[in-house]
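Here the structure is laid out as structure tokens; the discussion comes afterwards.
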Amino acid sequence: MSDTVKALTEAVRGRVITDKDADYDGARRVYNGMHDRRPRAIIQCTDSADVMAVIAAGRDSGLDLAVRGGGHSVPGFGTVDDGLVIDLSPMKHVLVDPVKKVARVGGGATLGDVDHATYPFGLAVPGGVVSTTGVGGLTLGGGLGYLTRSVGLTIDNLLSADVVLADGRQVTASDYQNEDLFWALRGGGGNFGVVTNFEFQLHEVGDVVGGPMFFDYEDATAVLQCYRDYMARAPEQLGCFFGWQIAPDLPFIPKDRIGDLFCVLVACWNGPHEAAEEVLKPLRDAAEVKAQFVEAMPFPALQSLFDDSVPKGMQHYWKADFIAELTDEAIAAHVEHGKNTPHISSSMHLHPINGAAQRVGAEETAFGHRDKSFAPVIVGIWDDPADNEANIKWVKDYYAAIHPHSGSDGGYVNFMSDDDDERAPANYGANYERLARVKATYDPDNLFHLNQNIAPASAG
Ligand SMILES: Cc1cc2nc3c(=O)[nH]c(=O)nc-3n(C[C@H](O)[C@H](O)[C@H](O)COP(=O)(O)OP(=O)(O)OC[C@H]3O[C@@H](n4cnc5c(N)ncnc54)[C@H](O)[C@@H]3O)c2cc1C
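So the sequence shown is numbered by my numbering: it starts at 5 and just counts up by one.
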């Protein structure tokens, strides 16, 4: 055991897991099975003091530091060869204040942890569409999900964050203290420090009417056009994403259609239940609905509806953009490449950005692309590493066909793959230079560099 690791075992309360431990292989794995990295140690931090100790050890030893929230990042930022992993997974606490409608959430909580704690109060934090995703990475990159149109991005509901900085101090960032840091945390990714606590505004969300509607692939052009037009004017309590879906063997899918490719609209109506039929009608009328599972259900049930189709350990390769406008030419490119969707877990998801998300000013947070209308992401997900070449090719070919229609160079930082490093300036968009200055203030030596990295601005 190296001196650094030995000293850490004495300094922290959480477990320090090395290759001598039986559970090392489980502890080093992240969500994307492509990343088979062997850290020097994984430190399961129980509190801010543990985080401070690992940051000091990383700084003093020169070992790379990886910070892991939920471990979902496709580039595998939550693990590193021969470095130290700050694993926040023991820090999952969620404290709900139902009177103030505020929740304090540990830096290692998942969306499912938050939903579990807030639902009994009829409250929710806007998050993403798979409940195993970490609140940490999702929030720091922006946070797109079913509630984006009604209450904004996840960062639009962040009230404050406790952050352990590169110099080892913990500070609180909010609208009233360390304002520049608070601005940068809301969209600037994990570049500025380790967030041990997030404080979120909660919203009234109880049971919603939602779920997937399946349409024939042959109707995809009509469905996409209808979706584009309707999501620009639909009531804001309606969230809905578009996706390709090879039909799984589920009770609501006709037996003779299992394995067929469909296009799917996944809706979430957080308004009066009696209005759901009328609100969803324009989408249902896009073409004939061939199968559906749209019901009143607890919000956490909708949030976890797809968890089983994307378990930990699969192979992931994604490509993403923001788009100014979903043109008919772009739709034609989607339809052409969507038809070759290679695996039941693979898809292209189209998330709308409008409503409450666009009422926040472009420069109010570091999220650089509020003026765009959709965030498309081609999600290549499959089981067998032997299929990597063919699946990666599908994603790259698809992306090459849609990118010229984007009207934007940038994509959502949280949807990037590990060959997208050079896209960071475009992904942070017009906010990149200010982010680089904040980075120089809080992390001048780029200690936190395993992320969509922002190089510290040079002095002068
Ligand atoms: C199946 C799946 C579904 C997804 N669905 C959505 C979705 O609906 N909406 C959406 O917006 N995104 C979605 N994403 C993308 C997701 O937001 C990113 O993968 C995000 O990085 C995950 O955060 P994490 O904490 O799980 O990941 P990690 O790999 O643990 O971390 C990601 C990055 O954030 C940093 N980080 C994490 N926690 C902290 C912290 N507490 N303090 C400082 N830095 C931290 C890490 O260092 C790393 O750079 C999805 C991803 C997957 C794999």
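The beta-carbon is built from N, C-alpha and C at its ideal position, and this holds for glycine as well.
Could you compute how far the alpha carbon of Tyr221 sits from the alpha carbon of Asp260?
Distance between the alpha carbons of Tyr221 and Asp260: 15 Å.
Evaluate contact between the region 223-231 and the region 283-293, counting only Cβ atoms and requiring at least three cross-stretch pairs below 8 Å.
Touching, yes, given that three or more Cβ pairs across the two stretches are closer than 8 Å.
Ignore the nearest five residues each way along the sequence and tell me which others in Ala45's own chain have a CB closer than 6 Å to its CB.
Result list for Ala45: Val9, Val20, Thr22, Leu88, in chain order.
Inspect the beta-carbon positions of Leu189 and Ala177 and report whether they are closer than 7 Å.
Taking 7 Å as the Cβ cut-off, Leu189 and Ala177 qualify as a contacting pair.
Whose CA, out of Asn161, Gly75, Ala11, lies closest to the CA of Ala61?
Taking only the C-alpha atoms, the option nearest Ala61 is Ala11.
Do Val133 and Val118 come within 7 Å of each other at the CB atom, strictly closer than that value?
No, the pair does not count as a contact, with Cβ atoms beyond the cut-off.
Ignore the nearest five residues each way along the sequence and tell me which others in Asn395's own chain have a CB closer than 8 Å to its CB.
If we look at Asn395 and ignore the five residues flanking it on each side, its Cβ neighbours are Gln319, Tyr321, Pro346, His347, Ser350, Gly384, Trp386.
By Cβ distance below 7 Å, which residues in the same chain neighbour Gly433 in space, the five residues on each side in sequence not counted?
Excluding positions up to five away in sequence, the list reads Gly372, His373, Gly414.
Let's see if you can read the secondary structure: which residues bound the beta strand (DSSP E) around Glu299?
Its beta strand (DSSP E) spans residues 299-302.
DSSP has Gln319 in a bridge; who is on the other side?
Answer is Trp386, bridged to Gln319.
If you drop the 5 nearest sequence neighbours on each side, which residues of the same chain put their C-beta closer than 6 Å to that of Phe378?
Answer for Phe378: Ile327, Leu330, Leu354, Pro356, listed in chain order.
Can you list, in chain order, the residues of its chain whose CB lies under 6 Å from that of Gly197, leaving out five sequence neighbours each side?
Only Val167, Val168, Leu169 meet the Cβ criterion.
In whole angstroms, what separates the C-alpha of Lys343 from that of Asp223?
Approximately 12 Å between the Cα atoms of the pair.
Look up Arg41 in the DSSP assignment and say whether it is helix, strand or coil.
Note: Arg41 maps to coil in three-state DSSP.
Would you call the CB atoms of Ser135 and Leu115 closer than 7 Å?
Going by C-beta atoms, Ser135 is nearer than 7 Å to Leu115.
So the alpha helix (DSSP H) Arg153 belongs to, where does it begin and stop?
Where Arg153 is concerned, the enclosing alpha helix (DSSP H) stretches over 152-155.
Can you tell me whether His277 is buried or exposed? The criterion is at least 16 other CB atoms within 10 Å of its CB, across all chains shown.
His277 is exposed by the Cβ-count criterion.
Measuring alpha carbon to alpha carbon, tell me which residue in Gly365, Thr152, Ala165, Tyr446 is nearest Val209.
Ranking Gly365, Thr152, Ala165, Tyr446 by Cα distance to Val209 puts Thr152 first.
Would you mind working out which of Gly359, Asp312, Ala53, Ala280 sits nearest Ala300, comparing C-alpha positions?
Checked all of Gly359, Asp312, Ala53, Ala280; the closest Cα to Ala300 is Ala280.
Would you call the CB atoms of Ala360 and Val155 closer than 7 Å?
The answer is yes: Cβ separation under 7 Å.
Which of the three DSSP states, helix, strand or coil, is assigned to Gly21?
One detail in the question is off: residue 21 reads as Ile in this sequence, not Gly. In this structure, Ile21 counts as strand in the three-state DSSP scheme.
Looking only at DSSP bridge pairs, what is Val417 linked to?
Val417 pairs with nothing; no bridge assigned.
Are there any heavy atoms of ligand 1 lying less than 6 Å away from the beta-carbon of Arg72, as far as the coordinates show?
Yes.
May I ask you to report which of helix, strand or coil DSSP gives Val314?
It is coil, neither helix nor strand.
Should Asn450 be counted as a contact of ligand 1 given a C-beta to heavy atom distance under 6 Å?
Asn450: no, Cβ never under 6 Å from ligand 1.
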